[in-house]
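Scroll down for the structure; my scribbles are underneath it.
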Amino acid sequence: MKHSMRTLLVLMGLISSTTLLAQVKVTTEVSGDAATGKQLIQAKAIGGSGKYSYAWGLTTPGAVPPNNASEVLLVPTQEAEYIVFVRDKETGASAYSTVVVKTLAVNEKHLIRMPGEDYKMNLRYSATGALPASPVRK
1 MKHSMRTLLV LMGLISSTTL LAQVKVTTEV SGDAATGKQL IQAKAIGGSG
51 KYSYAWGLTT PGAVPPNNAS EVLLVPTQEA EYIVFVRDKE TGASAYSTVV
101 VKTLAVNEKH LIRMPGEDYK MNLRYSATGA LPASPVRK
């Protein structure tokens with residue numbers, strides 16, 4: 001009886017340690033570039049064997065470019081919640097993480113100049129566009 005109880009305890013210890021090694025945890029981080037509006041979502045997985053597969057998706061309507069990497073580069077046009085599923089290729093353990101990505105206010109500095117235009121011209125605006133500040137008189 002002693003031998004079988006000892007065997008049982010050893011087996012339970014092995015199962016517990018295998019479970020701990022097989023667990024995978026994942027977190028997500030978002031970094032953005034205000035100049036371009038591009039945002040990088042990175043998934044960071046820990047635990048398991050260290051050999052992971054990734055699958056990205058959205059929990060809100062929309063599409064994610066096909067991607068099985070640990071990161072996705074995108075330019076969102078609206079706020080959306082992204083989800084990444086991570087699976088350990090050797091143990092089969094899996095985890096997921098979600099992150100809300102908001103659109104960035106892009107720093108746009110555009111100046112359109114027409115050839116021959118006086119760059120110091122004062123303009124007034126109407127429903128049809130920009131007009132000279134003082135109408136031409138004949």
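Quick note: the sequence shown, position 85, residue 85 per the UniProt record's numbering, numbers continuous. The beta carbon of each residue, even a glycine, is placed where N, CA and C say it ideally should be.
Residues in the same chain with beta-carbon distance under 8 Å from residue i, minus the five sequence neighbours each way, listed in chain order, please.
i, result
"Ser-94", "Val-24, Phe-85, Val-86, Arg-87, Asp-88"
"Gln-39", "Val-30, Ser-31, Gly-32, Asp-33, Leu-73, Leu-74, Val-75, Pro-76, Val-101, Leu-104"
Leaving aside the five residues before and after residue i along the sequence, list all residues of the same chain whose C-beta is less than 7 Å from its C-beta, in chain order.
i, result
"Ser-53", "Asn-68, Arg-87, Lys-89"
"Pro-66", "none"
"Thr-60", "Ala-80, Glu-81"
Rounded to the nearest angstrom, what separates residue i and residue j at their Cα positions?
i, j, result
"Ile-41", "Leu-58", "13 Å"
"Thr-28", "Glu-71", "9 Å"
"Ala-43", "Val-26", "7 Å"
"Gly-62", "Ile-46", "29 Å"
"Gly-37", "Leu-104", "5 Å"
"Ala-76", "Thr-98", "Here residue 76 turns out to be Pro, not Ala, going by the sequence shown. Going by the C-alpha atoms only, they are around 16 Å apart."
"Val-30", "Lys-51", "22 Å"
"Gly-32", "Ala-55", "21 Å"
"residue 169", "Val-64", "Given a span of 1 to 138 for the chain in the structure shown, any question on residue 169 remains unanswerable."
"Ile-83", "Tyr-96", "7 Å"
Mark residue i as exposed unless 16 or more other C-beta atoms lie within 10 angstroms of its C-beta, in which case mark it buried.
i, result
"Val-100", "exposed"
"Glu-81", "exposed"
"His-110", "Interpretation of His-110 is limited by its pLDDT of 47, a score under 50 that renders its predicted location unreliable; the figure taken from the coordinates is listed afterwards. Classification of His-110: exposed, given that the 10 Å Cβ count is below 16."
Residue i by DSSP, collapsed to three states: which one?
i, result
"Val-64", "coil"
"residue 139", "The chain is shown from 1 up to 138; residue 139 falls before or after that span and cannot be answered."
"Ala-105", "coil"
Could you name the residues of the same chain whose beta carbon sits closer than 6 Å to that of residue i, not counting the 5 residues immediately before and after it, in chain order?
i, result
"residue 203", "Outside the displayed range of the chain (1 to 138) lies residue 203, so it cannot be described from this structure."
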